[in-house]
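Asks: Residue numbers (our numbering), protein chains in the order written: chain A, 4 to 395; chain B, 4 to 395. Cβ coordinates follow ideal geometry from the N, Cα and C atoms, glycine included.
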C-alpha cells in the first residue's frame with residue numbers, strides 16, 4: 004500500500020482529540036487524518052478552530068462511514084457505543100482501532116468480534132497502550148520464554164485510582180449503570196485486566212468476586228473490588244482495586260515454579276530459583292531447606308510508545324501486514340474478567356468462564372432501569388480519557 | 004510474691020526443651036524450673052542427661068499437676084492437647100502459659116477460656132511471641148493512637164513458609180487431620196492470624212475463604228489459602244498463605260483513611276495523609292486531585308524479646324500483676340479465623356463470625372475418620388517447634 008491511510012477519529016473528547024493531534028503531528032507515517040466526527044454540535048466549532056481545513060467534521064458516524072472518504076476509523080466514543088460503531092465500520096470495509104474498554108458486555112463485544120471475523124480485510128486493533136509498557140512486555144517475555152516456569156499465583160493490588168466525589172459529580176453519566184455500565188472495573192482497570200491475561204497467556208476457569216458499590220462515594224457502581232480466580236492448571240489469582248484510597252498501591256506479583264516476579268514502582272524484580280522448585284522438592288531430604296534463589300534486577304531498556312505506538316502499529320498492520328500489538332478481538336478477554344467479577348458479586352456465587360452473557364445482561368438491565376442517569380450519553384466526554392490523563 | 008514461681012514445662016520437644024533451657028538460664032527472674040513432663044518414655048533419659056537433678060521428670064501431666072510441686076505450667080504439647088491440659092491446670096489452681104495455636108477447634112478453646120475465667124487467681128497467657136516484634140508493636144501503636152485513622156483494608160501476603168515433601172514425611176502426624184487438625188493455617192500461621200486481629204483491634208464479621216488441600220504436597224490438609232474477610236465498619240481484608248512456594252512474600256499492607264502502612268522486609272513505611280481522606284474529599288472540587296501525602300520511614304527502636312519476653316512477662320504477671328502481653332483468652336481469636344477459613348472452604352460459602360462450632364467439628368470429625376494418621380500423637384514432636392525454628 005503506497006497511499007496514506009485516510010483516518011477518521013470518531014468521538015473527539017479528551018482522548019479522541021489527543022489522537023487527532025497525534026495523527027496531525029506527523030508521528031504516524033502513512034496515516035492522514037481526514038475527518039473527525041462527534042455527535043455533540045459544539046464540537047464542530049472546536050474542530051473548525053483547532054484542526055486544519057483538510058479535516059472534515061461529521062456529526063453522524065454512520066454517514067461518515069458510508070461516505071467513502073476514509074479507510075479507517077479510530078473509535079474514541081463512549082465504550083457502550085464501540086461495538087455498534089465498529090460493526091458498522093466492518094460492514095463498510097473500514098479498518099478499526101477501538102478505545103478500551105471494548106464495550107460494556109461481552110455479548111456486544113462478541114458480536115463486534117464476529118463482525119470483524121467476517122471482514123478479514125479490515126485490520127482490527129484495540130488501544131491497549133499499556134502493552135507497550137516495557138515492564139509488562141518484559142514480564143510477558145519472562146513467562147512466555149519459560150524463565151518463570153509454570154505459573155502458580157498472581158496477586159495484583161491496584162488501588163492507586165483515587166477519585167474524589169467531585170470527579171464523579173462532574174458528569175451525570177459518570178459511575179452510573181446507564182452511563183458507564185460499571186465503575187472501577189470498566190473505567191479505570193481495563194489495562195490491568197488485559198495485562199493480567201496478556202502477560203501470562205492465561206484466562207481463569209472460574210471467579211469469585213466481592214464488589215462493593217458506592218462504598219466510598221455517592222455512586223451507583225462498584226468502587227471497590229476483591230476478586231479471587233482459579234485457573235485450569237491449578238494456579239490462583241487475587242485482584243484488588245478501588246478508587247477510594249490514597250495513596251494506593253500498584254504491585255503485581257507473579258509466582259511460578261521457577262521463582263517469583265514483582266513489579267512495583269516501575270521496577271521488575273525476579274527472584275530466580277537455580278533449579279525448579281519441583282526438582283528441588285523431589286531430591287531434597289531435609290526438614291526446612293529450600294531451593295537456591297537469586298534476586299535479579301531485570302533491566303528494562305525498551306521505551307514505552309503509548310497511544311502513538313498503538314496507532315503506528317495499527318497503520319503498519321494496514322499498510323504492511325505488521326502483526327498487531329493488540330488485536331481487537333482480544334478486547335473481550337479483559338472485559339470477560341470485569342463482567343465475571345460483577346456477575347459473581349450480583350449472584351453471590353462462583354462464575355465459571357466463559358460467563359453466561361444473558362445472566363450478566365439481565366442483571367445489568369435491571370440496574371440500568373433504576374439508574375440515576377437517563378440520558379443517551381451523547382453529550383458525555385469520551386470516557387477513556389480518564390485513564391489516559393492519569394495512568395502512569 | 005517473694006518466693007520463686009515453680010514452673011513445669013509439659014512437652015519437651017524442640018520447643019519445650021528450648022523453654023526449659025530458657026528457664027534454667029537465669030534470664031527469667033523469679034522463676035524456677037522444678038519439673039518437666041513428657042509422655043514419651045525416651046524423654047526421661049534425655050531429661051536426666053541434660054537437666055539438673057533439681058528438675059523432676061514426670062511422665063503424666065495429670066499426676067504432675069496434682070502433685071503440688073509446681074505453681075505454673077508451660078504447655079508445649081501438641082496443640083490438640085492444650086485445652087484439656089490447661090483446663091486441668093486451672094482446676095489445680097495453677098498458672099498457665101500455653102503454646103500457640105491455642106487448640107484445634109474454637110469449641111475446646113472456649114472451654115479452656117471458660118475454665119480460666121472460673122479460676123481468676125490463675126494467670127493465663129499464650130506464647131504469641133511475635134507480639135514482642137517491634138515492627139508489629141509499632142503498627143499496633145499507629146493504629147491504636149489514631150495515626151492511621153479508620154481502617155479500610157488489610158492485605159497480608161504471607162507465602163514464605165516453604166516446606167518440601169520431606170518435611171511432611173518426617174512425621175506421620177504431620178499435615179494430617181488427626182495429627183494436627185489442619186495445615187498451613189494451624190501450623191505455620193498462628194502468629195499472623197493473631198497479629199491480624201491484635202495489631203488492628205478488629206475481628207471480621209464474615210469470611211469467604213478458598214483453601215486448597217494437598218495442592219503442592221502429598222498431604223491431607225490445606226497448603227494453600229486465599230481468604231477474604233469483611234468487617235463491621237466496612238473494611239475488607241485478604242489473607243494469602245502457602246507452604247508450597249519459594250521464595251514467597253511476607254508483606255502486610257494496612258490502609259486507613261489517614262494513609263497506608265506497609266510492613267515488608269522488617270521495615271515499616273507509613274504513607275501519611277496530611278489531612279484525612281474524607282476531609283479532603285469533602286472540600287475538593289477538582290477532577291483528579293488527591294490529599295497531600297508524606298512517605299515516612301518509621302523508626303523501629305525496640306528490641307524483640309521473643310519467647311523469653313513472653314515467659315518473663317507471664318512470671319511478672321504472676322508475681323507483680325504486670326499486664327499480660329498475650330492474655331491466654333485471646334488465643335481463640337486467631338483460631339477463629341483459621342477455623343472460619345476451613346469451614347468456608349468446606350461449605351463453599353460465607354461463614355459469619357462467631358462461627359458455628361458444631362458445624363466445624365462435624366466437618367473435622369469426618370476428615371479425621373479418613374485420616375492417614377491413626378496414632379494418638381503421644382509420640383510426636385511438639386508441633387509449635389516448626390514456627391519457632393523457622394520464623395522470619
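Which residues in chain A have a C-beta closer than 8 Å to the C-beta of residue 266/B? List them in chain order.
Replies: Numbered from its first residue, the second chain carries residue 266/B at position 263. Simply none; closest approach about 13 Å.
Asks: Going along the chain, which unbroken runs of the alpha helix (DSSP H) with 4 or more residues stay wholly within the region 54–94 of chain B?
Replies: 64–69, 82–94, all fully within the region 54–94 of chain B.
Asks: Starting from residue 241/B, find everything on chain A with Cβ-Cβ shorter than 7 Å and list it in chain order.
Replies: What you label residue 241/B is simply residue 238 of the second chain in a count that begins at 1. Correct list: 229, 241, 243.
Asks: From the DSSP output, in three-state form, read off residue 137/A for me.
Replies: The residue labelled residue 137/A in the question sits at position 134 within the first chain. Here residue 137/A sits in helix by DSSP.
Asks: Select from 161/B, 234/B, 57/B the residue whose C-alpha is nearest the C-alpha of residue 247/B.
Replies: Position 244 of the second chain, counted from the start, is the residue given in the question as residue 247/B. Cα-wise, what sits closest to residue 247/B is 161/B.
Asks: Counting only beta-carbon separations shorter than 8 Å, does residue 323/A have a partner in chain B?
Replies: Position 320 of the first chain, counted from the start, is the residue given in the question as residue 323/A. For residue 323/A, the answer is no, since every Cβ of chain B falls outside 8 Å of its Cβ.
Asks: Give the residues from the region 167–178 of chain A that approach chain B closer than 7 Å (Cβ to any Cβ), ordered along the chain.
Replies: So the list reads 167, 168, 169, 170, 173, given in the order they occur along the chain.
Asks: Sorted by chain position, which residues of the same chain lie with C-beta nearer than 7 Å to residue 25/A's C-beta, five sequence neighbours on each side aside?
Replies: As a first step, residue 25/A is located in the first chain; it is residue number 22 there, counting from the start. These residues qualify, in order along the chain: 31, 310, 311, 314.
Asks: Using the C-alpha atoms, what's the distance from residue 22/A back to residue 56/A?
Replies: As a position in the first chain, residue 56/A is number 53, starting the count at 1. As a position in the first chain, residue 22/A is number 19, starting the count at 1. Cα to Cα, residue 56/A sits roughly 17 Å from residue 22/A.
Asks: Could you name the residues of the region 338–370 of chain A whose beta carbon sits closer than 7 Å to any beta carbon of chain B, in the order they occur along the chain?
Replies: Correct list: empty, as no residue qualifies.
Asks: Any idea which residues DSSP pairs residue 244/A with across the strands?
Replies: Your numbering for residue 244/A matches position 241 in the first chain. 161/A, 228/A.
Asks: Beta carbon of residue 211/A, beta carbon of residue 347/A: below 8 Å?
Replies: As a first step, residue 211/A is located in the first chain; it is residue number 208 there, counting from the start. As a first step, residue 347/A is located in the first chain; it is residue number 344 there, counting from the start. In this structure, residue 347/A lies closer than 8 Å to residue 211/A by Cβ.
Asks: Report yes or no: do three or more beta-carbon pairs, one from the region 257–267 of chain B and one from the region 131–151 of chain B, lie closer than 8 Å?
Replies: Yes: at least three Cβ pairs fall under 8 Å.
Asks: Just checking my contact of residue 332/A with residue 116/A at CB under 8 Å: how many whole Å lie between their CB atoms?
Replies: Within the first chain, residue 332/A is the residue found at index 329, counting from 1. Within the first chain, residue 116/A is the residue found at index 113, counting from 1. Indeed, because the Cβ distance is near 5 Å, the residues count as touching under 8 Å.
Asks: Given that residue 158/A touches chain B, what residues does it touch there, using C-beta distances under 7 Å?
Replies: Position 155 of the first chain holds residue 158/A. The contacting residues are 160, 243.
Asks: Assign residue 64/A to buried or exposed, taking buried as 16 or more other Cβ atoms, counted over all protein chains shown, within 10 Å of its Cβ.
Replies: The residue labelled residue 64/A in the question sits at position 61 within the first chain. Answer is buried; the Cβ neighbour count reaches 16.
Asks: Answer yes or no: does any C-beta atom of chain B fall closer than 8 Å to that of residue 131/A?
Replies: Mapped onto the first chain, residue 131/A falls at position 128. No, no contact with chain B.
Asks: By the DSSP assignment, the beta strand (DSSP E) with residue 468/A in it spans what residues?
Replies: Because chain A in this structure spans residues 4 to 395, residue 468/A falls outside the shown range and cannot be described.
Asks: By a C-beta neighbour count over all protein chains shown, 10 Å radius and 16 as the cutoff for buried, is residue 50/A buried or exposed?
Replies: As a working mapping, residue 50/A is identified with position 47 in the first chain. Burial call: buried.
Asks: If you run the structure through DSSP and keep just helix, strand and coil, what is residue 331/B?
Replies: For the purposes of this step, residue 331/B is taken as the residue at position 328 of the second chain. Residue 331/B: helix per DSSP, three-state reduction.
Asks: With 8 Å as the threshold, decide whether the Cβ of residue 296/A is near any Cβ in chain B.
Replies: In the first chain, the residue the question calls residue 296/A occupies position 293. Yes, residue 296/A lies at the interface with chain B (some Cβ there is under 8 Å from its Cβ).
Asks: Since residue 225/A and residue 215/A are thought to touch, with beta carbons under 8 Å apart, how far apart are those beta carbons, to the nearest angstrom?
Replies: The residue given as residue 225/A occupies position 222 in the first chain. The residue given as residue 215/A occupies position 212 in the first chain. That belief holds up - the Cβ atoms of residue 225/A and residue 215/A are roughly 6 Å apart, short of 8 Å.
Asks: Taking residue 92/A and residue 112/A to be in contact with their CB atoms under 8 Å, please state how far apart those CB atoms are, rounded to whole angstroms.
Replies: Residue mapping note: residue 92/A aligns to position 89 of the first chain, counting from 1. Residue mapping note: residue 112/A aligns to position 109 of the first chain, counting from 1. That belief does not hold up - the Cβ atoms of residue 92/A and residue 112/A are roughly 15 Å apart, past 8 Å.
Asks: Let's test the definition: count the other Cβ atoms within 10 Å of the Cβ of residue 297/B and tell me whether it reaches 16, buried, or not, exposed.
Replies: Residue 297/B sits at position 294 when you count from the first residue of the second chain. Looking at its Cβ environment, which holds fewer than 16 other Cβ atoms inside 10 Å, residue 297/B is exposed.
Asks: Is the distance from the Cβ of residue 377/B to the Cβ of residue 181/B below 8 Å?
Replies: Translated into the one-based positions of the second chain, residue 377/B becomes position 374. Translated into the one-based positions of the second chain, residue 181/B becomes position 178. Result yes, Cβ atoms of residue 377/B and residue 181/B sit closer than 8 Å.
Asks: Could you tell me which chain A residues have their CB closer than 8 Å to the CB of residue 288/B, listed as they occur along the chain?
Replies: In the second chain, residue 288/B corresponds to position 285, counting from 1. Within 8 Å Cβ-Cβ: 169.
Asks: Does DSSP classify residue 273/A as helix, strand or coil?
Replies: Start at 1 with the first residue of the first chain, and residue 273/A comes out as number 270. If DSSP states are grouped into helix, strand and coil, residue 273/A belongs with the strands.
Asks: Could you name the residues of the same chain whose beta carbon sits closer than 7 Å to that of residue 150/A, not counting the 5 residues immediately before and after it, in chain order?
Replies: Start at 1 with the first residue of the first chain, and residue 150/A comes out as number 147. For residue 150/A, where only same-chain residues beyond five positions count, the Cβ hits under 7 Å are 261.
Asks: Shortest alpha-carbon distance to residue 330/A belongs to which of 101/A, 10/A, 164/A?
Replies: The residue given as residue 330/A occupies position 327 in the first chain. Closest option to residue 330/A, Cα to Cα, is 101/A.
Asks: Please say whether residue 356/A and residue 209/A have beta carbons closer to each other than 8 Å?
Replies: Position 206 of the first chain, counted from the start, is the residue given in the question as residue 209/A. Position 353 of the first chain, counted from the start, is the residue given in the question as residue 356/A. Yes.
Asks: By alpha-carbon positions, which one of 40/A, 324/A, 367/A ends up nearest to residue 128/A?
Replies: Locating residue 128/A in the first chain gives position 125, where the first residue counts as 1. Selected option, being the one with the closest Cα: 324/A.
Asks: Distance cutoff 8 Å, beta carbons only. Does residue 234/A sit that close to anything in chain B?
Replies: Working through the first chain from its first residue, we reach residue 234/A at position 231. Answer no: the Cβ-Cβ gap between residue 234/A and chain B never drops below 8 Å.
Asks: Taking 6 Å as the limit between beta carbons, can you name the residues of its chain near residue 254/B, skipping five residues before and five after?
Replies: Translated into positions along the second chain, residue 254/B becomes position 251. 160, 267.
Asks: Going by C-alpha distance, which of 257/B, 364/B, 206/B is nearest residue 272/B?
Replies: Here residue 272/B refers to the residue found at position 269 of the second chain. Out of 257/B, 364/B, 206/B, 257/B has the C-alpha closest to the C-alpha of residue 272/B.
Asks: Between residue 213/B and chain A, is any beta-carbon pair separated by less than 8 Å?
Replies: Counted from its first residue, the second chain places residue 213/B at position 210. So, interface residue.
Asks: Please tell me whether residue 5/A has its Cβ less than 8 Å away from any Cβ of chain B.
Replies: Indexing the first chain from 1 puts residue 5/A at position 2. So no, residue 5/A is outside the interface.
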